[in-house]
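Engineer: Take this structure first; my questions come after.
Protein chains in written order, with the numbering used here: chain A, 1 to 113; chain B, 1 to 114.
Pasting the structure below:
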């Protein structure tokens, strides 16, 4: 079974731009969670989607948003990029998110100049 | 979710067993112990998890003490490719249906030496 895939793998943007990242979960998985990882803050939870609904949200500003499609694929969007948004963005999928194992994708490395 | 404490770094000789400890003294009865590892700049990789019994899979063994306040991840024959940051996480199984995000600490940097 194919793992979690994320596209693109690398991205360079400038301040003020917006960006959209994509995540395809493992086949059959309905929950997708997004995390941001930076050297200073470690791995931080952004939000989780299940059946096209945001079910849980971390402590990030409204510039960070996401959505999930009927095939469980998910996208996250960051508007008005700031230098501090440079990070590895990780997506994880699980069957239903309620306590079962999350499997991570390879991540998207975003650099904001 | 309960907090965990791990040593910041450990070394292990190639071919030897790597034993990574984790303290989770405030763990609750409905919380599992999960282990992930992250090789530099890649996504975290799930290794193993358990509730109170010892667990083994093709990657590792997990030993949980009887009082569940600590656990040890064992890589039986470490290779250079096992060099990574290892994260121990405790996570409740939510009964309400709401999602439970993973909370990662600082982890243990395991370096396997040739």
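Cβ atoms here follow ideal geometry from the backbone N, Cα and C, with glycine treated the same way. Just so it is clear, the structure is predicted and the values come from calculations on it, not from any experiment.
Does any C-beta atom of chain A lie closer than 7 Å to the C-beta of residue 112 of chain B?
Structural biologist: In the second chain, residue 112 of chain B corresponds to position 112, counting from 1. Closer than 7 Å: no.
Engineer: Between which two residues does the beta strand (DSSP E) harbouring residue 43 of chain B extend?
Structural biologist: As a position in the second chain, residue 43 of chain B is number 43, starting the count at 1. First-last for residue 43 of chain B: undefined, no H or E at that position.
Engineer: Inspect the CB distances between the stretch 63-71 of chain A and the stretch 89-103 of chain A and report whether three or more fall short of 8 Å.
Structural biologist: no
Engineer: Could you tell me whether the Cβ atoms of residue 43 of chain B and residue 104 of chain A are closer together than 7 Å?
Structural biologist: Residue numbering aside, residue 43 of chain B sits at position 43 when the second chain is read from its first letter. Residue numbering aside, residue 104 of chain A sits at position 104 when the first chain is read from its first letter. It is a contact, given that the beta carbons lie within the stated cut-off.
Engineer: Please classify residue 4 of chain B as buried or exposed, where buried requires at least 16 neighbouring CB atoms within 10 angstroms.
Structural biologist: Position 4 of the second chain holds residue 4 of chain B. Answer is buried; the Cβ neighbour count reaches 16.
Engineer: Using a Cβ-Cβ cutoff of less than 6 Å, which residues in the same chain neighbour residue 34 of chain B once the five nearest sequence positions on both sides are dropped?
Structural biologist: Locating residue 34 of chain B in the second chain gives position 34, counting from the first residue. Counting only Cβ-Cβ distances below 6 Å, and skipping sequence neighbours, we find 49, 89 and 91.
Engineer: Three Cβ pairs or more, each shorter than 8 Å: is that satisfied between the stretch 7-22 of chain B and the stretch 65-84 of chain B?
Structural biologist: Output reads yes: the stretch 65-84 of chain B touches the stretch 7-22 of chain B.
Engineer: Could you tell me whether the Cβ atoms of residue 109 of chain A and residue 10 of chain A are closer together than 7 Å?
Structural biologist: Stepping through the first chain from its first residue, residue 109 of chain A is reached at position 109. Stepping through the first chain from its first residue, residue 10 of chain A is reached at position 10. With a cutoff of 7 Å on beta-carbon distance, residue 109 of chain A and residue 10 of chain A are scored as near each other.
Engineer: Please say whether residue 85 of chain B and residue 107 of chain B have beta carbons closer to each other than 7 Å?
Structural biologist: Residue 107 of chain B sits at position 107 when you count from the first residue of the second chain. Residue 85 of chain B sits at position 85 when you count from the first residue of the second chain. Contact: yes.
Engineer: Sort A/41, A/100, A/55 and A/101 by Cα distance to residue 86 of chain A and report the nearest one.
Structural biologist: By 1-based counting over the first chain, the position of residue 86 of chain A is 86. Measuring from the Cα of residue 86 of chain A, the nearest candidate turns out to be A/41.
Engineer: Quick one: is residue 89 of chain A near chain B, going by C-beta distance under 7 Å?
Structural biologist: Within the first chain, residue 89 of chain A is the residue found at index 89, counting from 1. No, no contact with chain B.
Engineer: Does residue 6 of chain B have its Cβ less than 7 Å from a Cβ in chain A?
Structural biologist: On the second chain, residue 6 of chain B is found 6 positions in, with the first residue counted as 1. No, no contact with chain A.
Engineer: Is any beta-carbon of chain A found at less than 7 Å from that of residue 50 of chain B?
Structural biologist: Taking the second chain and counting its residues from 1, the one referred to as residue 50 of chain B is at position 50. Judged by the 7 Å Cβ criterion, residue 50 of chain B is not in contact with chain A.
Engineer: Sorted by chain position, which residues of the same chain lie with C-beta nearer than 8 Å to residue 53 of chain B's C-beta, five sequence neighbours on each side aside?
Structural biologist: Reading the second chain from its first residue, position 53 is the one you call residue 53 of chain B. 64.
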